[in-house]
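Participant: These protein sequence lines are chains W and L, in that order.
Take the first sequence: its position 23, counting from 1, is numbered 23 in my numbering, and each next residue is one higher.
Take the second sequence: its position 26, counting from 1, is numbered 1026 in my numbering, and each next residue is one higher.
Positions of the beta carbon are idealized from the N, C-alpha and C atoms, including for glycine.
Being a predicted model, the structure only gives us computed values, none of them experimental.
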Amino acid sequence: MAEEVRAEMVANVWKIVVEDGAEVEAGDTIAILESMKMEIPVEAAESGTVTLHVAEGDVVQEGDLIAEIE
Amino acid sequence: MFDTILVANRGEIARRIIRTTQRLGIRAVAVHSDVDADLPFVREADEAVLLGAAAPKESYLDATKIIEAAKQTGAEAIHPGYGFLAESARFAQLVVDAGLVWIGPSPDAINSMGDKINSRNLMQAAGVPVAAGTPDPLTEVEAAVEAARGIGYPIMVKASAGGGGIGMATVYDEEGLRKAFETASTRAERFFGSPSILLERYLANARHVEVQILGLNDGRVVALGERDCSVQRRHQKVAEESPSPAVTPELRARMLAAAVRAGEAVNYKNAGTVECLVSGNEFVFLEMNTRLQVEHPVTELVTGVDLVEQQLRIAAGEGVTFDPAAVVVPNGHAIEMRVYAEDPVRFLPGPGTITTWREPRGEGIRVDSGYANGNTVTPNYDPLLAKLCAYGADRGEALERARKAVSEFEVVGPKTNLAFFTELLDNPEFVSGQYDTGLVDRMRAKK
């Protein structure tokens, strides 16, 4: 069962930190969102392989899928 | 006085400037990004010019487009508000070079005060107290570690060219300094284009108190009382009040005199703010903001002076509306609460479409808002929705009116921090007036 990483708020995807398919540890930063002049790091809750669902410059809505970790 | 001015800003501050231009019979031109087209400041302006896309560099930070809009609409002067290009000496110079009037201090004054190290050294030379710190910019971590030994911990790590709390950190030992230095330097480079760092002794349990100044055309600098801005989250202000409950008449006299000296030292014209840290009965200079401050309404409420009107008059070469020789004595008490589109617990942004917007009204209540029913709050700009101000004959009455107004302010759609203010206005530490910049962290640590 893949862990889904979702956006907590409407935001711009400012930076993607890991490559698609990369191995991450729990707590690693996957991407950095930017909303209302604040940077919001998106972290992996579990360790595994990342499948990205967004690209830099995308706008995400609250609840949108940012990545899956398997 | 001018016939037409251009307001190079957005949201509540653009609308607030337009309120004064309308009262004075001056035409106001708004400039805006595509996503802001339906906001009240665009509708209420006499004319509006679309600058471009939502990203600030395509719109509110595009100096060329803004100056072009001023020429095209016949505007004679540009009011920058706060944020965006308000403290850009380069933009101020471009405005002047284009034959327009810059409603603010000279590009030279902006330049001298914009760099935290330079301004700190200038202030020290003018006899304004400063905290122990580094007189030269630091770019190497080893030099910072060495300097820190002389200053003593805890230390504030700041971007020399910075502002708005970005890249700032408090460190308690060498290990913390090493970590914070790298982060602050990287962020300073990215946000402000310079990695230079300043170290300053951190005053624990300090209050953030600032003095409003106005530099007049005859060379005089006047101080219009102080504002206490100690209610902060992430080093950013959330609520302000005037007068400060912690400032005695004796301390006030010293602070105001120092602020006047600070202004005189840089030949200051127009509105500015001298920010200080107050600990006990002592204060040190923090920085000078060369523009209208977000929290200027609390000063307006206790002095009866319209600061935007004074800015326009000074820029137009005229005198101010009050007697600069008579000391302006604050009358009553005012509190401002910044209603942000963020959750009231973790203070994380929560943009969205406004389906209900009902502002409180009543005696002593002033609301400077940037939005109305049906508007969408986008993630592109700062989270300030409105500034809710309460004025009373004394602090008790101001607090009472603030509580009622907070309970009556209804916003549905985006998240708001209104519930935080309900909590703040009943917090024993805040109510007592004996609080400092650690207040919000202590409130949240209890949860």
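(1) Can the beta-carbon of Pro1414 (chain L) be found closer than 8 Å to that of Ile1354 (chain L)?
(2) For chain W, is any of its Cβ atoms less than 8 Å away from the one on Pro1080 (chain L)?
(3) Mind reading off the beta-carbon distance from Thr1299 (chain L) to Gly1392 (chain L)? Whole number of angstroms is fine, and I expect it under 8 Å.
(4) At a CB-CB cut-off below 9 Å, which residues of chain W make contact with Ala1381 (chain L)?
(5) Our contact map puts Ile1067 (chain L) next to Ala1098 (chain L) with C-beta atoms below 8 Å; I'd like the distance itself, whole angstroms only.
(6) By the 7 Å beta-carbon criterion, what residues does the segment 1405 to 1423 of chain L contribute toward chain W?
(7) Secondary structure at Pro1119 (chain L), three-state DSSP: helix, strand or coil?
(8) Over what stretch of residues does the beta strand (DSSP E) that includes Gly1225 (chain L) continue unbroken?
(9) Do the CB positions of Leu1312 (chain L) and Met1123 (chain L) come within less than 8 Å of each other?
(10) Cβ closer than 8 Å: which chain L residues qualify as neighbours of Ile16 (chain W)?
(11) Go ahead and label Arg1090 (chain L) buried or exposed: buried means 16 or more other beta carbons lie within 10 angstroms of its beta carbon, across all protein chains shown.
(12) In three-state terms, what does DSSP make of Ile1017 (chain L)?
(13) Using 10 angstroms around the beta-carbon of Ala1048 (chain L), count the other beta-carbons present and answer buried if the total reaches 16, otherwise exposed.
(14) Assuming Glu1189 (chain L) and Val1221 (chain L) are in contact, meaning their beta carbons sit under 8 Å apart, how far apart are those beta carbons, in whole angstroms?
(15) Considering only residues of the same chain and omitting the five flanking positions on each side of Gly48 (chain W), which have a CB-CB separation below 6 Å?
(16) Shorter than 8 Å from the beta carbon of Ala1086 (chain L) to some beta carbon of chain A?
(17) In or out: Glu1142 (chain L) buried (at least 16 other Cβ within 10 Å) or exposed?
(18) Answer yes or no: does any C-beta atom of chain W fall closer than 8 Å to that of Pro1344 (chain L)?
(19) Taking only beta-carbon atoms, is Arg1350 (chain L) less than 8 Å away from chain W?
(20) Determine the direct distance from the alpha carbon of Pro1243 (chain L) to that of Ala1398 (chain L), and round the result to whole angstroms.
(21) Could you name the residues of chain W that Ala1341 (chain L) contacts, counting a contact when the two beta carbons are closer than 8 Å?
(22) Just tell me which of L:Phe1421, L:Arg1291, L:Thr1376 and L:Arg1187 has its CA closest to the CA of Ile1335 (chain L).
(23) Output yes or no for whether 8 Å exceeds the beta carbon distance between Leu1425 (chain L) and Arg1444 (chain L).
(24) With respect to the beta strand (DSSP E) encompassing Met1337 (chain L), which residues constitute its N-terminal and C-terminal limits?
(25) Tell me, please, which residues DSSP counts as bridged to Lys1158 (chain L).
(26) At what residues does the beta strand (DSSP E) containing Gln1236 (chain L) begin and finish?
(27) Quick check: what's the CA-CA separation for Ser1160 (chain L) versus Leu1199 (chain L)?
Facilitator: So, from the data block:
(1) The answer is yes: Cβ separation under 8 Å.
(2) For Pro1080 (chain L), not one C-beta of chain W is nearer than 8 Å to its own C-beta.
(3) Thr1299 (chain L) to Gly1392 (chain L), Cβ: 15 Å. No contact.
(4) Checking the displayed sequence, the identity of residue 1381 (chain L) turns out to be Tyr instead of Ala. The contacting residues are Met36 and Lys37.
(5) With 8 Å as the limit, Ile1067 (chain L) and Ala1098 (chain L) qualify as a contact, their Cβ atoms being about 5 Å apart.
(6) Residues of the segment 1405 to 1423 of chain L with a Cβ closer than 7 Å to any Cβ of chain W: none.
(7) For the record, residue 1119 (chain L) in the displayed sequence is Ser; it is not Pro. If DSSP states are grouped into helix, strand and coil, Ser1119 (chain L) belongs with the helices.
(8) Where Gly1225 (chain L) is concerned, the enclosing beta strand (DSSP E) stretches over Val1221 to Arg1233.
(9) Cβ distance not < 8 Å, so Leu1312 (chain L) and Met1123 (chain L) don't count as in contact.
(10) None at all; the shortest Cβ gap to chain L is about 16 Å.
(11) Taking a 10 Å sphere around the C-beta of Arg1090 (chain L), we find fewer than 16 other C-beta atoms and assign the residue as exposed.
(12) Three-state DSSP puts Ile1017 (chain L) in a helix.
(13) In the assembly as shown, Ala1048 (chain L) is a buried residue. Its beta-carbon has 16 or more other beta-carbons within 10 Å.
(14) The beta-carbon distance between Glu1189 (chain L) and Val1221 (chain L), rounded to whole angstroms, is 34 Å. This is too long to meet the 8 Å contact definition.
(15) For Gly48 (chain W), where only same-chain residues beyond five positions count, the Cβ hits under 6 Å are Ile69 and Glu70.
(16) The structure shown contains no chain A; its protein chains are W and L.
(17) Classification of Glu1142 (chain L): exposed, given that the 10 Å Cβ count is below 16.
(18) Not a single C-beta of chain W is nearer than 8 Å to the C-beta of Pro1344 (chain L).
(19) In the sequence on display, residue 1350 (chain L) carries Gly and not Arg. It does: the Cβ of Gly1350 (chain L) has a partner Cβ on chain W nearer than 8 Å.
(20) The C-alpha of Pro1243 (chain L) is placed about 12 Å away from the C-alpha of Ala1398 (chain L).
(21) Identification of chain W residues near Ala1341 (chain L) by a Cβ-Cβ cut-off of 8 Å yields Met36, ordered along the chain.
(22) When each option's Cα is compared against that of Ile1335 (chain L), the closest is L:Phe1421.
(23) Arg1444 (chain L) is positioned such that its CB atom lies no closer than 8 Å to that of Leu1425 (chain L).
(24) Counting along the chain, the beta strand (DSSP E) containing Met1337 (chain L) begins and ends at His1333 to Tyr1340.
(25) According to DSSP, Lys1158 (chain L) bridges with L:Leu1198.
(26) Gln1236 (chain L): member of the beta strand (DSSP E) spanning Gln1236 to Ser1242, first to last residue.
(27) Straight-line Cα distance between these residues: approximately 9 Å.
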